[in-house]
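Visitor:
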Amino acid sequence: MAPHREEVVSRRRTLIVGWTAALLAIALFANLGLWQSRRAVEKQAMLDAAAAVMADRTPRPLSLAGDATRARDYDWAVGTGTFDARAALLLDNQQRNGRAGVRVYRIIVPVQGAPMLVDLGWLPLAGDRKLPKVPNIDGAIELRGLLVPPPSTGLALGPALAKQGDVWLMTRVDQAAIAGETGLSVPLAPRVLRLDPALRIGYERDLELLPNTLPPDQHRGYAVQWFALAAAVLATALLLTFRKRRRP
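Everything in the sequence shown is counted per the numbering used here, starting at 519 for the first residue and increasing by one.
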């Protein structure tokens, strides 16, 4: 009887350890699937909101970029301003059509409203990563485009920007850090102006909102994969629990 009792105790211990590990794995995979699902919903809502604004294109003033209550919203804005004389800001690690490059930003001071960042478009980087020269844009100029939240910063590791030659190289768009490092006396507006591609200033650009991140469909695909892994772990645990033990 003793060997049988030991076998029962050993099997029970194995089941407890196995199910504990299985439930932890299921919880992890399910939470990852839920996170991917939420990101898909958030990004789809963002794309839908921006598409509605671009379809309508009712002009709003550039000063609306400084409205903190609309920091996550989208507006089609039109207005006149003067580009600040400070050096251009280049956002690193920006892909376009499979090529590595930088996204060019400059500070503009509208006739009305807070200074703001303007996205002038994308420039390629050569293999030696020599940063491009970005000439100043002089005089008052009329601009139009889509007011958007700045690109997601992801994990904010290290300084947001550093001076390299005649330009600032950024690892992320952080308005507070930009204002502090460049010596602005007032805060930058919380939104960025993505220029209408039809304007004849700037560089290669479009109004694509997710150029360097996953679209909603890919988030949905990853969510399905995580949920499938959770289901597979559950099925495996059930199979191992209820399979018939072989008798010698």
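All residues carry an ideal CB built from backbone N, CA and C; glycine is no exception. Note that this is a predicted model, so its numbers are computed, not measured.
1) Please state whether DSSP places residue 750 in a helix, a strand or coil.
2) Put residue 619 into one of helix, strand or coil per three-state DSSP.
3) May I have the straight-line CA-CA distance separating residue 632 from residue 689, to the nearest angstrom?
4) Below 8 Å, how does it come out for the stretch 598-606 and the stretch 564-575: are there three or more Cβ pairs, yes or no?
5) Apart from the five residues just before and just after residue 604, which ones in its own chain have a Cβ nearer than 7 Å to its Cβ?
6) With DSSP as the reference, label residue 571 as helix, strand or coil.
7) What residue from 614, 711, 748 has the CA that sits closest to residue 552's CA?
8) What did DSSP end up calling residue 530 once you bin it into helix, strand or coil?
9) Taking just the CA atoms, how far does residue 615 sit from residue 607?
10) Would residue 635 be called buried (16 or more neighbouring beta carbons within 10 Å of its own) or exposed?
Guide: Let me spell this out:
1) Your numbering for residue 750 matches position 232 in the sequence shown. In the structure shown, residue 750 sits in a helix (DSSP, three-state: H, G or I).
2) As a first step, residue 619 is located in the sequence shown; it is residue number 101 there, counting from the start. Strand, per DSSP.
3) Working through the sequence shown from its first residue, we reach residue 632 at position 114. Working through the sequence shown from its first residue, we reach residue 689 at position 171. Residue 632 and residue 689: Cα-Cα distance of roughly 23 Å.
4) no
5) Locating residue 604 in the sequence shown gives position 86, where the first residue counts as 1. Only residues of its own chain outside the window of five on either side were considered, and among them 625, 700 have a CB closer than 7 Å to the CB of residue 604, listed in chain order.
6) Here residue 571 refers to the residue found at position 53 of the sequence shown. If DSSP states are grouped into helix, strand and coil, residue 571 belongs with the helices.
7) Position 34 of the sequence shown, counted from the first residue, corresponds to residue 552. That would be 748, whose Cα lies nearest to the Cα of residue 552.
8) Here residue 530 refers to the residue found at position 12 of the sequence shown. Helix at residue 530.
9) Position 89 of the sequence shown, counted from the start, is the residue given in the question as residue 607. Position 97 of the sequence shown, counted from the start, is the residue given in the question as residue 615. In a straight line, the C-alpha of residue 607 is about 22 Å away from that of residue 615.
10) Residue numbering aside, residue 635 sits at position 117 when the sequence shown is read from its first letter. Buried, since its Cβ has 16 or more Cβ neighbours within 10 Å.
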